[in-house]
Amino acid sequence: MKNILVTGGAGFIGSHLVRLLVNKYPNYNIINMDVLTYAGNLENLKDIEDKENYKFVKCDICDFEKVKKVFEEYEIDNVIHLAAESHVDRSIKDPFSFAQTNVMGTLSLLQAAKNYWQDNFEGKLFYHVSTDEVYGSLGEEGFFLETTAYDPHSPYSASKASSDHFVRAFQDTYQFPTVISNCSNNYGSYQFPEKLIPLFINNICNNKPLPVYGKGENVRDWLFVNDHARAIDVIFHKGKLGETYNIGGFNEWKNIDLIKVMIKTADRLLGRAPGTSDKLITYVTDRAGHDLRYAIDSTKLKEELGWEPSLQFEEGIEKTIKWYLENQDWLHNVTSGAYQSYYKEMYK
Ligand code: NAD
Ligand code: TYD
Numbered sequence: 025m026k027n028i029l030v031t032g033g034a035g036f037i038g039s040h041l042v043r044l045l046v047n048k049y050p051n052y053n054i055i056n057m058d059v060l061t062y063a064g065n066l067e068n069l070k071d072i073e074d075k076e077n078y079k080f081v082k083c084d085i086c087d088f089e090k091v092k093k094v095f096e097e098y099e100i101d102n103v104i105h106l107a108a109e110s111h112v113d114r115s116i117k118d119p120f121s122f123a124q125t126n127v128m129g130t131l132s133l134l135q136a137a138k139n140y141w142q143d144n145f146e147g148k149l150f151y152h153v154s155t156d157e158v159y160g161s162l163g164e165e166g167f168f169l170e171t172t173a174y175d176p177h178s179p180y181s182a183s184k185a186s187s188d189h190f191v192r193a194f195q196d197t198y199q200f201p202t203v204i205s206n207c208s209n210n211y212g213s214y215q216f217p218e219k220l221i222p223l224f225i226n227n228i229c230n231n232k233p234l235p236v237y238g239k240g241e242n243v244r245d246w247l248f249v250n251d252h253a254r255a256i257d258v259i260f261h262k263g264k265l266g267e268t269y270n271i272g273g274f275n276e277w278k279n280i281d282l283i284k285v286m287i288k289t290a291d292r293l294l295g296r297a298p299g300t301s302d303k304l305i306t307y308v309t310d311r312a313g314h315d316l317r318y319a320i321d322s323t324k325l326k327e328e329l330g331w332e333p334s335l336q337f338e339e340g341i342e343k344t345i346k347w348y349l350e351n352q353d354w355l356h357n358v359t360s361g362a363y364q365s366y367y368k369e370m371y372k
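With the numbering used here applied, the sequence shown covers 25 to 372.
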């Protein structure tokens, strides 16, 4: 029996991970700690909410006193930490909340775990889920390796980089048992429609403009979210303490090419004539400090732990678009209310 605290389990990646762990490991208790920001939604976990090995606890990771109580009450022996503010554009508008949640929140969890485990780390693990954005931006060539020097540019990536440093500092200073993974851009179901892929699917459906930043020439490396959850499962069980693993699918796309694939697939699935939604493409002012290219080399994860992505991108993107088309109620629920004013402010 293990008692695993998953933070941010009501968010996009967290909900896929919680579902995987709850269904695959009936002998693990999964405690989902989430404060339910705009990005956290318990609807994402409806199918597993009644399972005996699942518990939800509403708690802000920055609330150190409350976090300590959760460790005691649920006798936590492992942590998989995903809770974060995760959207670059929001970090440009409000960097404070990113430093607070991503840096201070991570520190609060590290310290609570260290206190509760009383420096006896046998069988304990603190797994920190991070991003490839900490490595900065690539030119036309090359890949991010685990050894690439950190060079974050956005307030989001700076806050994630800082949290990674705190995790390593705990490992080095206290021999606190940690593992870190840095993953490329994820796509799939239950992603909040402020990020490129769900935002654009939603806008294609509703015949709204598709705001392409700059010339659409930035490159991202896309991984199906279920493959990220599978990688976390593998690293959690087989990763070496103190190590870092890059996760990615060698699947780079220039934004504009990806957008064209989305338009083509969505038009077909919506029964529209080919090319109908091309006219929605609207070039807008570029994001400030926009990283040109991300590309992950995940050879270490493949060679040492045997993980590989399970899906080809064409299959994954079709599945994803179908999911959003079939789950209009979910989209409607998360895009009503506060989201409307965010959208107006962001894309005025
Ligand atoms: P998300 O924004 O969809 O979800 C974040 C979750 O954290 C939400 O449920 C939110 O309610 C919760 N949360 C936020 N602040 C909190 C707080 N103070 N206390 C408790 N809970 C809080 O994010 P995501 O895309 O699922 O990303 C999850 C993690 O994976 C993040 O750490 C992110 O940096 C990392 N990551 C994301 C991607 C990606 O492409 N989305 C890629 C690599 C790494
Ligand atoms: P995003 O999904 O925000 O992920 P990240 O910035 O963390 O990589 O954006 C992916 C790419 O799409 C990025 O290059 C910015 C671009 N983008 C747009 O062109 N328009 C948009 O409205 C959004 C949200 C993103």
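Where is the CB? At the ideal position from N, CA and C, for every residue including glycine.
Any chain C beta carbon closer than 9 Å to residue i
i	result
T289	No chain C appears in this structure, which consists of one protein chain only.
Alpha-carbon spacing of residue i relative to residue j, whole angstroms
i	j	result
Y174	V59	29 Å
E146	D188	22 Å
A136	F88	7 Å
I228	N279	16 Å
H152	V191	7 Å
P50	K303	49 Å
L355	K284	22 Å
L29	S360	30 Å
I268	T171	The amino acid at residue 268 is misidentified as Ile; the sequence shows Thr. Between T268 and T171, the C-alpha separation is close to 9 Å.
G273	T197	33 Å
L223	P217	4 Å
D315	K82	34 Å
A123	A297	46 Å
Y318	V158	10 Å
S132	Q364	32 Å
N209	A193	26 Å
W246	N275	6 Å
F95	D321	35 Å
Y62	L45	24 Å
D84	T31	9 Å
E164	W277	12 Å
N374	I54	An answer regarding residue 374 cannot be provided, because it is not within the stretch 25 to 372 covered by the chain.
I204	V243	24 Å
N206	G240	24 Å
Cβ shell of residue i (< 6 Å), same chain only, five flanking positions each side left out
i	result
P119	P179
S301	I228, I287, D291
S121	E109
F150	V103, A137, T202
Q142	none
K92	A136
H111	E218
F80	N56
K75	V46
A255	I271, W331
N231	none
R311	Y237
Outcome for residue i when other beta-carbon atoms lying within 10 angstroms are tallied against a minimum of 16
i	result
M25	exposed
H105	buried
T155	buried
Y307	exposed
D101	buried
T309	exposed
K184	buried
A362	exposed
G64	buried
Close beta carbons around residue i, own chain, < 7 Å, minus the five adjacent residues each side
i	result
L335	F248, D251
L293	I345, K346, L349
G266	Q195, T202
I305	L234, V236, I283
M128	C86
S161	H177, D315, L316, R317
N148	Strictly speaking, residue 148 in this sequence is Lys, with Asn absent from that position. Closer than 7 Å at the Cβ level, and outside the excluded window around K148, lie D101, N102, W141, P201.
Own chain, CB closer than 8 Å to residue i, minus 5 neighbours either side, in chain order
i	result
Y140	K92, F95, E96, I100
Exercise. So, do the segment 199 to 218 and the segment 340 to 354 have three or more beta carbon pairs nearer to each other than 8 Å?
Worked result: yes
Exercise. Any chance the segment 320 to 339 sits against the segment 249 to 263, with 3 or more Cβ pairs inside 8 Å?
Worked result: yes
For this session: Counting only runs of 3+ residues fully inside the segment 55 to 99, write out the beta strand (DSSP E) ranges in chain order.
Result: 78 to 82
Exercise. Is the segment 30 to 38 in contact with the segment 67 to 87, if contact means three or more CB pairs nearer than 8 Å?
Worked result: yes
For this session: Run through the segment 285 to 333 for me and flag every whole alpha helix (DSSP H) of 4 or more residues, listed as ranges in chain order.
Result: 323 to 329
Exercise. At what residue ranges does the segment 120 to 186 contain a whole run of the alpha helix (DSSP H), taking only runs of 4 or more?
Worked result: 129 to 141
Exercise. Which ranges does the alpha helix (DSSP H) cover as unbroken runs of at least 4 residues, wholly within the segment 203 to 287, from first to last along the chain?
Worked result: 220 to 229, 249 to 262
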